[in-house]
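**Student:** The structure under discussion is supplied below as structure tokens; questions concerning it will follow.
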Amino acid sequence: MSTREAYNQKMEKSLRRPTVGKAQAKSCEADTRISHSKNTEAIQQWITVTKHKLKELGENSDGA
107 MSTREAYNQK
117 MEKSLRRPTV
127 GKAQAKSCEA
137 DTRISHSKNT
147 EAIQQWITVT
157 KHKLKELGEN
167 SDGA
């Protein structure tokens, strides 16, 4: 396995972690749930952008 493949696997694994946080948020009090929801939305946006960038990097480096 190349270093690039290992790094991509590590990043993809870390991008799956927020789903655990979503499950935990369901059992919180209302105020905490609202705060957690806002944080989760921000994290989800970051994940989307990061996945897109990883895809671009993979496409660009395949030709190199």
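Okay, so the sequence shown: first residue is 107 according to our numbering, each after it adds one. Ideal Cβ positions, reconstructed from N, Cα and C, are used throughout, including at glycine.
(1) I need the straight-line Cα distance from E118 to G164, nearest angstrom please.
(2) Let me know the secondary structure DSSP gives E147 once reduced to three states.
(3) Note down the Cα distance separating E135 from H142, rounded to an integer number of angstroms.
(4) Rounded to whole angstroms, what is the Cα-Cα separation between T109 and K159?
**Tutor:** So, from the data block:
(1) Numbered from 1 along the sequence shown, position 12 holds the residue referred to as residue 118. Numbered from 1 along the sequence shown, position 58 holds the residue referred to as residue 164. Roughly 13 Å between the two C-alpha positions.
(2) For the purposes of this step, residue 147 is identified with residue 41 of the sequence shown, where counting begins at 1. Helix.
(3) Taking the sequence shown and counting its residues from 1, one reaches residue 135 at position 29. Taking the sequence shown and counting its residues from 1, one reaches residue 142 at position 36. For E135 and H142, the distance between alpha carbons rounds to 10 Å.
(4) Within the sequence shown, numbered from 1, the residue matching residue 109 stands at position 3. Within the sequence shown, numbered from 1, the residue matching residue 159 stands at position 53. Approximately 18 Å, taken between the alpha carbons.
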